[in-house]
Amino acid sequence: MVDGALGGLIEPAIGLARPWALLFIVLPLAVMRLAPPSSPPGALSPPPGVVGWLFAASGRAARLVAGAPGALPRLLGWISVIVALAGPELGGAALVSPSGRDVLFAIDLSASMSEQDMVTEGQPESRSERMAVAREEVGRFLASREGDRVGLIGFATDAYLISPLTHDVSAAAAMLDELTVGLPGRRTDLGQAIGLAAQILRTAPKGERMLIVLTDGEANAGDLGALDAADIAAAAGISTHLIGFAGEVEPKNAAFMREIAERANGAYHEARDPESLAAVAAEIEALAPLAAPEAEVRLKVGWSAPFLGFGLLCAGVFVWLERRDA
Amino acid sequence: MSIVAPLALLLLIPVAAAILLFRNSGPLGSSGLPGDWERLIDAPLRRRLALGLAGRDRTRIWLALAAAAFLILALARPVLERDGAPDYANLAGRVLVIEMAPGVDPAPQRRIAERLIDAWPDMPTAIVAVAGAGFDVAPLTTDRAHLLRYLKALAPHLMPERGRRPGAGVVHAEALLARAGVIAGQIVLLPALAPAGPRPGGGGGALRAVIVPDALRDDWGNEAAAWGAALVEEGDVTPVLTALKDACRDARLSAAPGSALDLRSWLTGAAALCWLGLFRRRSAA
């Protein structure tokens, strides 16, 4: 019987919460040697001859004198109770400590994201679609953010929350597969994407708030100016990082995105191919480091209940034997 | 203070009965000697002789019973919860599995789902819709607005795979909880109609519950049990919340022992002390 309903998460890792308690297992020897014998009040000690006669006359008397009937359950019960006291535990499932950081990733889904101008290093003849590369790198980035709450926004002419803030980073990463270029429109409304992110993050519990916008073009749609949205995000304590992602990012667009990022406590990064996008992801990861692996806490599920139960059974048998022979 | 396994306390009944029995029965050893000694020795003297011979009185029985009582209390596991317990991102989560049966208005399930979300808004909740297969609708999140928005949008005609296999939704939810590494998970199935399709296997470790309207109670009675799920009527969803709260507490105890003062080890120590007394030698002849 495992404590609680955690049976499904147990991995074979056995340990003891209080291993020092096992030293108590020898205590009965000390009690038997050092403690004075118990002497029932008012007992008469019969002469040795009478004892010998009784011994011979009755096996039952022999049991009485020897005091042996409960010895086995007494010993087994003691071992069981001491093992329970030592706190045997099984465990292994890793617990994720929340970092207190919320990360929203906004991905440009405008028509230009379907352009095939991503050149993989060493393979100049094959070009990948921007969206496919973004999906892969962003997915890797999101899935690595264990402890953060991550969310996903897709934007073009409109902006939509694709995945709400969740600690289930793999679920958020999996939602990238659902994104379709051109679904929210053909143009790019950067202001709306930053505004939506500010709206979501502003209501989130206090902590570090980060928005990462991946876009390949200029802000060419929408009523809310991207710079105004950046001011709103900055006021909400959100650091906004922009990634210019295209085979060639126009200098005018790069300057504009740099200005947005600077106004929103962030930085502008440029990625022209899959390798540089991975490098940008690494840069951002360095800005928001995760807990060190050695700080990982693992689940421990107590297994003392079976030993307590067995000890209880031994106590019952002991009482029954004592009573039978009394 | 709360008790993790209160049913274990029922074991105290036989212990109490044994104490009463032994307290009211005659003294030990009065008939413990072999032979026809009644004719020669008075009863009081005979008892003292038996005591001296066997060195036996009730002390050991009382000690064993006391140890048993402490062991039972340890099994029940009383805990004193403390404030400021560390929290973990994957400590708990629930998945609402909503059946989108073809041609059936999902409004009743939507209402129950909303009630569950509102009853515990801080609990990470995911939504899975199921028809012929299970599909992710929302990942584990506490974003109430997002959950309600998607709940509102759910409709049977949007399901990519038509049919009626609610068990597949449970399996899908189980996988979702496993992927997220949730320690104390709960799957709540909100069926639209009577049971259909294959039963889900067990073994995921998550709690299961089926919430049904009165009209479906009889249909789901045995089936819910076969699914390893608690059957709850839509009128009162408290049992579903209580079960998850208990699982959360257990998970927190396992994950962060410092989050509560667990009296189990102290009670086990008390039982060990009593048990130690059983090893004391008797002053036998």
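So the protein sequences, as listed, match chains A and B. Those letters in the first sequence? Residues 4 to 329, by my numbering. Those letters in the second sequence? Residues 9 to 293, by my numbering. From the three backbone atoms N, C-alpha and C, an ideal C-beta is built for every residue, glycine too.
- The beta-bridge partner set that DSSP reports for Ile-195 of chain B consists of B:Val-103 and B:Arg-216.
- In the three-state scheme derived from DSSP, where H, G and I count as helix and E and B as strand, Ala-25 of chain B is classed as helix.
- Rounded to whole angstroms, the Cβ separation of Leu-124 of chain B and Leu-104 of chain B is 6 Å, and the two are in contact under 8 Å.
- If you look at Ile-197 of chain A, you'll find it in the alpha helix (DSSP H) that goes 193–205.
- Distance check between Tyr-158 of chain B and each of B:Gly-175, B:Gly-142, B:Val-136 and B:Ala-214 places B:Val-136 closest, using alpha-carbon atoms only.
- The three-state reading of DSSP puts Tyr-271 of chain A in strand, counting E and B together.
- Contact with chain B is found for Lys-303 of chain A, since one of that chain's Cβ atoms lies less than 9 Å from the residue's Cβ.
- With fewer than 16 other Cβ atoms from the protein chains shown falling within 10 Å of its own Cβ, Gly-103 of chain A counts as exposed.
- Taking a C-beta distance under 9 Å as the contact criterion, Pro-76 of chain A and Ala-20 of chain A do not qualify as a contact pair.
- If you check the CB distance, Pro-114 of chain B and Pro-164 of chain B come in under 9 Å.
- Of all alpha-carbon atoms in A:Ile-215, A:Arg-301, A:Val-184 and A:Ile-17, the one lying nearest the alpha-carbon of Glu-273 of chain A is that of A:Ile-215.
- Following the DSSP letters along the chain, one finds Glu-286 of chain A inside the alpha helix (DSSP H) bounded by residues 277–290.
- Interface criterion met: the Cβ of Ala-264 of chain B is under 9 Å from a Cβ in chain A.
- Look at the beta carbons and you see the segment 208–226 of chain B not touching the segment 275–291 of chain B: under three pairs across the two are nearer than 8 Å.
- Within chain B, the residues placing a beta-carbon under 8 Å from that of Ala-175 of chain A are Pro-147, ordered along the chain.
- For Trp-228 of chain B, the closest Cβ of chain A is not nearer than 9 Å.
- Inclusion of Trp-228 of chain B and Pro-199 of chain B in the CB contact set at 9 Å is warranted, their separation being smaller than that value.
- Listed in chain order, the beta strand (DSSP E) elements of length 3 or more contained wholly in the segment 150–194 of chain A are 152–158 and 162–169.
- Secondary structure note for Arg-36 of chain A: its alpha helix (DSSP H) is the uninterrupted segment 30–37.
- Cβ contact annotation for Gly-188 of chain A (same chain, cutoff 6 Å, sequence separation greater than five): Ala-159, Thr-160 and Asp-161, in chain order.
- Rounded to whole angstroms, the separation of the alpha carbons of Met-134 of chain A and Gly-189 of chain B is 29 Å.
- In the displayed model, Lys-255 of chain A falls within a helix according to three-state DSSP.
- Closer than 9 Å to the CB of His-180 of chain B there is not a single CB belonging to chain A.
- Secondary structure note for Glu-241 of chain B: it is in no alpha helix (DSSP H), and the uninterrupted beta strand (DSSP E) holding it is 238–241.
- The beta carbon of Phe-248 of chain A sits closer than 7 Å to the beta carbons of Arg-133, Ala-137, Leu-217, Thr-218, Asp-219, Ala-274 and Leu-280 from its chain, once the five residues preceding and following it are set aside; these are given in chain order.
- In terms of CA proximity to Asp-180 of chain A, B:Asp-144 leads the group B:Pro-110, B:Leu-215 and B:Asp-144.
- Contact between Gly-194 of chain A and Ala-232 of chain A holds, with the beta-carbon distance rounding to 4 Å and staying under 8 Å.
- Secondary-structure assignment with DSSP links Asp-105 of chain A through a beta bridge to A:Arg-152 and A:Arg-212.
- The beta carbon of Gly-205 of chain B does not come within 9 Å of any beta carbon belonging to chain A, so the residue lies off that interface.
- In this structure, the alpha-carbon of Arg-152 of chain B lies about 7 Å from that of Pro-129 of chain B.
- Boundaries of the beta strand (DSSP E) harbouring Met-121 of chain A: 119–122, taken from the DSSP string.
- For Ala-251 of chain B, the number of other beta carbons within 10 angstroms of its own is at least 16, and it is reported as buried.
- Residue environment: Lys-303 of chain A is assigned as buried (16 or more neighbouring CB atoms within 10 Å of its CB, all protein chains considered).
- Inclusion of Ile-287 of chain A and His-244 of chain A in the CB contact set at 9 Å is warranted, their separation being smaller than that value.
- In the three-state reduction of the DSSP assignment, Ser-10 of chain B falls in the strand class, which pools E and B.
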